[in-house]
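Residue numbers (our numbering): 14 to 310. We treat Cβ as the ideally placed atom computed from N, Cα and C, and that holds for glycine. Only one structure is covered here, and it is reproduced in the block below.
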């Protein structure tokens, strides 16, 4: 019988049942992309623990399960892969949240890999110029301009509608994002944090690009008719073609933050433009480029 159809001790639920119940309880509260991530973990991870009742799970079992998750595995395409430390922490984070909800007497002391320190890829001025030349007149021109100069996330760019563009006052209001839900459908959601909902002043030349795009648009409501995944793939192709650093689309935000730091923009204004909840997060985005670090030595 399904767990909802019986009245029993919560700790007698299997981990799979408990995880399903926990995810269901958060649906509508958490971001659709977060719920999607939880569902992916439930389907693909912790296979040895999933059929076990919560009251049978012990700390050594959890440690062994995480040890198994840390080992190399073969993906659906037959490639050898290794989960990142962040992925392992996400898996354990969901597991610990479920146990805290339905079996709070179990205290976890699981040893996990240390967090990875990733080098942020920030484009140098000449590389920014080369990228802007490469996308001029291309469907990727507006996304790159919005990421590089307006510090917008890919999901925010995908979710931007013409109603959020004020041509009279030369502003863009960011209040929605486009993400995948648990069923892999694209859905609109609110911005990542309260601070992420913001109105940006837009330079004249970008407003001119927006006006031209609206005139030639097919009548759709979205400013950029591309998903974040499509923007990521198209950017990668452009970077390879023009021999530019292999950065992520999100690294355009890092570059924008670094430019604001270089221009001595006050922290509170940089934080507001990027939509960061705290100044600490803003500073994390302004890590120096490799060239800057060499110059400082």
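query: Separation of residue 76 from residue 149, as counted between CA atoms; result: 52 angstroms
query: Through-space distance from residue 58 to residue 280, alpha-carbon basis; result: 41 angstroms
query: Best match in 46, 118 and 233 for proximity to residue 71 [C-alpha to C-alpha]; result: 118
query: Span separating the alpha-carbon of residue 40 from that of residue 49; result: 10 angstroms
query: First through last residue of the alpha helix (DSSP H) which encompasses residue 111; result: 98 to 115
query: Three-way DSSP call (helix, strand, coil) for residue 42 in this model; result: coil
query: N-terminal and C-terminal residue of the alpha helix (DSSP H) that residue 260 is part of; result: Segment: none, residue 260 is in no alpha helix (DSSP H) and carries neither H nor E.
query: Expected contact under 8 angstroms - CB spacing of residue 171 and residue 237 to nearest Å; result: 7 angstroms
query: Of the residues 220, 273, 246 and 79, the one placed nearest residue 155, counting alpha carbons only; result: 220
query: Spatial distance of residue 102 from residue 187 (CA atoms); result: 30 angstroms
query: Close Cβ partners of residue 32 (< 6 angstroms) along its chain, the five nearest in sequence each way excluded; result: 55 and 111
query: Uninterrupted alpha helix (DSSP H) stretches inside the segment 36 to 84 (no shorter than 4 residues); result: 45 to 57 and 72 to 83
query: Given residue 84 as reference, the closest of 100, 217 and 73 once Cα atoms are compared; result: 100
query: Own chain residues within Cβ distance below 7 angstroms of residue 227, not counting five before or after; result: 175
query: CA nearest to the CA of residue 42, picked from 209, 194, 257 and 289; result: 194
query: Cβ-Cβ distance between residue 201 and residue 211 below 8 angstroms; result: no
query: Backbone CA spacing between residue 284 and residue 235 [nearest angstrom]; result: 26 angstroms
query: Residues that DSSP places opposite residue 213 in a beta bridge; result: 185
query: Endpoints, alpha helix (DSSP H) assigned at residue 251; result: 241 to 254
query: Contacts around residue 173, its chain only, beta-carbon distance under 6 angstroms, and the 5 residues preceding and following it disregarded; result: 236
query: Which of helix, strand or coil DSSP assigns to residue 191; result: strand
query: For residue 181, the nearest candidate out of 139, 161 and 224 (CA to CA); result: 224
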